[in-house]
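Count the sequence shown with the numbering used here and you get residues 211 to 463, in order. Beta carbons are placed, not taken as given, at the ideal position from N, Cα and C, and that holds for glycine.
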Amino acid sequence: MSSSRRPVIAGNWKMHKTIAEAEQFIQGLLPRVTTADSVDVVICPPFTALGAMVDSTRGSRVEVYAQHVNDQPEGAFTGEISIAMLEELDVHGVIIGHSERRGLYAENDVSLAKKVAALIDSSLAPLLCVGETEAERDAGTMEARLREQVTTGLSEVPSDRIAEVTIAYEPIWAIGTGRVATADQAQEACAFIRALIAERDASAAEQIRILYGGSAKPENAAELVGLADCDGLLVGGASLDPASFAEMVVAAG
Ligand code: PEP
Numbered sequence: 211m212s213s214s215r216r217p218v219i220a221g222n223w224k225m226h227k228t229i230a231e232a233e234q235f236i237q238g239l240l241p242r243v244t245t246a247d248s249v250d251v252v253i254c255p256p257f258t259a260l261g262a263m264v265d266s267t268r269g270s271r272v273e274v275y276a277q278h279v280n281d282q283p284e285g286a287f288t289g290e291i292s293i294a295m296l297e298e299l300d301v302h303g304v305i306i307g308h309s310e311r312r313g314l315y316a317e318n319d320v321s322l323a324k325k326v327a328a329l330i331d332s333s334l335a336p337l338l339c340v341g342e343t344e345a346e347r348d349a350g351t352m353e354a355r356l357r358e359q360v361t362t363g364l365s366e367v368p369s370d371r372i373a374e375v376t377i378a379y380e381p382i383w384a385i386g387t388g389r390v391a392t393a394d395q396a397q398e399a400c401a402f403i404r405a406l407i408a409e410r411d412a413s414a415a416e417q418i419r420i421l422y423g424g425s426a427k428p429e430n431a432a433e434l435v436g437l438a439d440c441d442g443l444l445v446g447g448a449s450l451d452p453a454s455f456a457e458m459v460v461a462a463g
């Protein structure tokens, strides 16, 4: 982490927590993170709890992101949610291209690029997820895959707005498996992503925040956030418990 970039600890709740459970979580989290004011804290609840979480975190440092959005303003898209619907709730940002959405719902780099661009034109911040499969890493195609995901994902964003995107490097083999990337693997991939962005714009590469995600937990948070090119964490499982999530926030400070 460079001192010029504020660390971010973001919790992706996936399809977990009713509104009542989310309220209980936030009451447990807020008192634990009041002093960690050098860290940006993000929670990503399911759609149904977004409004309640925006209300319950108002006035605190916790930001609320959605886990998914459609790039179209409105229309016959059953089950989808638009940017305007999230803006109306005062949501701060959206996770785009999580590997579960890519894998289970066939989201691809081209459709994700449209979402990133639509978000840049809105009040919502995009958090774009990228990462290779184990087979791609073993086959030596990890860099090619990351290049494709990052360059296509950012292709519709003007160079002077790239730093407004946050990127999460999430090796798919490390997500929900308990198998965290080693510090060397995480640093190497985050540095590679930063170098890719430098090909577009050197100043954006210096400013953009790149997070690591994949079995991050309180025990490895400080080491990962201490890496030169890692500016924080996107956390799944360990973000569901307020005490363990708060420990990671404090470790990043
Ligand atoms: C994630 O799904 O973004 C993630 C990083 O999950 P976990 O921390 O559970 O591996």
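Rounded straight-line distance, which links the Cα of Gly307 to that of Gly352: According to the sequence as given, residue 352 is Met; it is not Gly. So the alpha carbons of these two residues sit roughly 17 angstroms apart.
Segments assigned beta strand (DSSP E), at least 3 residues, entirely inside the segment 336-400: Taken in chain order, the unbroken stretches of beta strand (DSSP E) that lie wholly in the segment 336-400 and span 3 residues or more are 376-379.
Give the DSSP-derived three-state secondary structure of Arg230 in the structure shown. In the sequence on display, residue 230 carries Ala and not Arg. In this structure, Ala230 counts as helix in the three-state DSSP scheme.
I'd like the list of long-range same chain contacts for Thr361, defined as Cβ closer than 7 angstroms, with 5 residues on each side in sequence excluded. Its chain contains Leu406 as the residues whose beta carbon lies nearer than 7 angstroms to that of Thr361, once the 5 sequence neighbours on both sides are disregarded; these appear in chain order.
Cutoff 6 angstroms; reference Glu273; Cβ partners in own chain excluding five residues on either side: Val252, His302
Taking 7 angstroms as the limit between beta carbons, can you name the residues of its chain near Asp441, skipping five residues before and five after? Met211, Arg215, Pro217, Val218, Arg419, Ile420, Leu421
Could you tell me which residues DSSP puts in a beta bridge with Cys254? Under DSSP, Cys254 takes part in a beta bridge, and its partners are Asn222.
Counting only the same chain and skipping the five closest in sequence on each side, list residues whose C-beta sits under 6 angstroms from that of Ser454. Its chain contains Pro428, Ala448 as the residues whose beta carbon lies nearer than 6 angstroms to that of Ser454, once the 5 sequence neighbours on both sides are disregarded; these appear in chain order.
The segment 315-327 in contact with the segment 284-291 per 3-pair CB rule at 8 angstroms: no
Beta-carbon of Met263 versus every beta-carbon of chain B: anything under 7 angstroms? Within the model displayed, chain B is absent; a lone protein chain is all it includes.
Who are the near neighbours of Gln277 in its chain, counting only those whose CB is closer than 6 angstroms to its CB and skipping five residues on each side? Cys254, Ile305
Touch check for the segment 382-399 and the segment 338-353: three-plus C-beta pairs under 8 angstroms? yes
One or two residues paired with Arg419 in a DSSP bridge: Thr376
Could you check where the beta strand (DSSP E) with Gly446 kicks off and where it finishes? Here Gly446 belongs to no beta strand (DSSP E), and DSSP marks it neither H nor E.
Gly313 - DSSP class collapsed to helix/strand/coil: Judged by DSSP in its simplified three-state form, Gly313 adopts helix.
Any idea what DSSP makes of Ile236, helix, strand or coil? Reduced to three states, the DSSP call for Ile236 is helix.
When you compare only the Cα positions, how much space is there between Gly386 and Gly350? One C-alpha to the other measures close to 23 angstroms.
First through last residue of the alpha helix (DSSP H) which encompasses Ala323: Ala323 -> alpha helix (DSSP H) spans 319-330.
First and last residue of the alpha helix (DSSP H) that includes Glu429? Where Glu429 is concerned, the enclosing alpha helix (DSSP H) stretches over 428-435.
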